[in-house]
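Numbering (my numbering), first residue to last: 20 to 270.
Backbone N, C-alpha and C fix where the C-beta goes; we use that ideal spot for every residue, glycine too.
Shown next, in structure tokens, is the structure this report addresses.
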Amino acid sequence: SFLVVSDRIVLSMYQAHEVTGEVGNPRIREIQQLLAGLARRGGIPVPRLYIIDDPSPNAFATGRDPSHAAVAVTTGIMDLMTPEELSGVLGHELTHVINRDTLTSTVAASIAGAVTMLANMAQWAAIFGGREREEREGGGFGDLLMIILAPIAAMLVQMAISRSREFGADEGGAKLCGNPLFLARALAKLERGIDAVPMAANPSTAHMFILEPFHAGGLMALFSTHPPTEERIRRLEAMAGSRLSPSRHAF
């Protein structure tokens, strides 16, 4: 069925390769160990690990359920993060798996991709269609609306699904890794790293990543699939502060 192969489709889009058997790269072994420990703590099977050869730092999870999950990380994030920061990132992604967000996000990617494809088809049909201009006058405005609104609709689908789930995954990931500041520091590094080296990502999958894989400035920022990074960091810092501060009833 579509749900069975959907994760493979997304992984193949980024030419992600699965890590199997003995690994010589110590950084990849470290990620394997972190992933296994966090999965045990979360009470789920260890997801398959995939590596994406891309200098832009990022990560995402996919799969229809916790027993068929995969986590993909870029070589850029491997080079950028400390083990503690990586544990925050992996904890975030595993929370998506635990909450079964990965199924929802994969379906959203499919809907968004299909709608965007239809918009592109409408655009090319309007340019190269064989109808006479007189015959097209009635439908020209509809074609234009399709071209303008379909990508916006696709982004709205992603935005509705992603924003609240990202806050939830941040909270769960902070608990899994044991310190909200690990993830807060990782998010700050990710934002700087992505600004410096944006990813050549498919917009229909942008909501799947831990952070928007390319910089969305100007009006496009209104349609960001993720909450503002500074707000995510602020919430994590507040979590850390509440863990450290004494109870108001402890006197």
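Taking the alpha-carbon of residue i as reference, which of the options has the nearest alpha-carbon?
| i | options | result |
| --- | --- | --- |
| residue 93 | 246, 190, 232 and 194 | 232 |
| residue 83 | 51, 57, 127 and 201 | 127 |
| residue 62 | 98, 86, 45 and 182 | 86 |
| residue 110 | 167, 137, 51 and 211 | 51 |
| residue 49 | 88, 32, 29 and 103 | 103 |
| residue 188 | 25, 113 and 96 | 113 |
| residue 74 | 59, 91, 98 and 56 | 98 |
| residue 44 | 70, 29 and 116 | 70 |
| residue 216 | 228, 234, 225 and 227 | 234 |
| residue 124 | 58, 219 and 88 | 88 |
| residue 28 | 59, 262, 224 and 218 | 224 |
| residue 13 | 194, 220 and 25 | Any question about residue 13 goes unanswered here, given that the chain covers just 20 to 270. |
If residue i and residue j are in contact, beta carbons under 8 angstroms, what's the gap, nearest whole angstrom?
| i | j | result |
| --- | --- | --- |
| residue 65 | residue 54 | 6 angstroms |
| residue 76 | residue 96 | 4 angstroms |
| residue 90 | residue 100 | With a Cβ gap of about 14 angstroms, residue 90 and residue 100 do not count as contacting. |
| residue 258 | residue 199 | 4 angstroms |
| residue 190 | residue 248 | In fact, because the Cβ distance is near 15 angstroms, the residues do not count as touching under 8 angstroms. |
| residue 291 | residue 68 | The question about residue 291 has no answer, for the chain in this structure spans 20 to 270. |
What does DSSP give as the partner residues of residue i in its beta bridges?
| i | result |
| --- | --- |
| residue 89 | 67 and 81 |
| residue 36 | 70 |
Using the three-state DSSP reduction, which class does residue i fall into: helix, strand or coil?
| i | result |
| --- | --- |
| residue 5 | In the structure displayed, the chain extends from 20 to 270; residue 5 sits before or after that span and is not available. |
| residue 249 | helix |
| residue 185 | helix |
| residue 104 | helix |
| residue 41 | coil |
| residue 75 | coil |
| residue 260 | helix |
| residue 110 | helix |
| residue 119 | coil |
| residue 244 | coil |
| residue 140 | helix |
| residue 218 | coil |
| residue 191 | helix |
| residue 212 | helix |
Examine the ligand NAP and report whether any of its heavy atoms sits within less than 7 angstroms of the Cβ of residue i.
| i | result |
| --- | --- |
| residue 255 | With respect to the ligand NAP, the structure offers nothing, as it holds no ligand at all. |
| task | Answer yes if the stretch 71-80 comes into contact with the stretch 113-124, meaning at least three C-beta pairs across the two stretches below 8 angstroms, and no otherwise. | result | Two segments are said to touch when three or more pairs of C-beta atoms, one from each, lie closer than 8 angstroms; by this definition the stretch 113-124 touches the stretch 71-80.
| query | How do the stretch 33-52 and the stretch 183-192 stand: do at least 3 beta-carbon pairs fall below 8 angstroms, yes or no? | reply | Short answer: they don't touch.
| said: Within 8 angstroms, do at least three Cβ pairs link the stretch 243-256 to the stretch 194-207? | reply: Taking 8 angstroms as the limit for Cβ pairs, the verdict is that the stretch 243-256 does touch the stretch 194-207.
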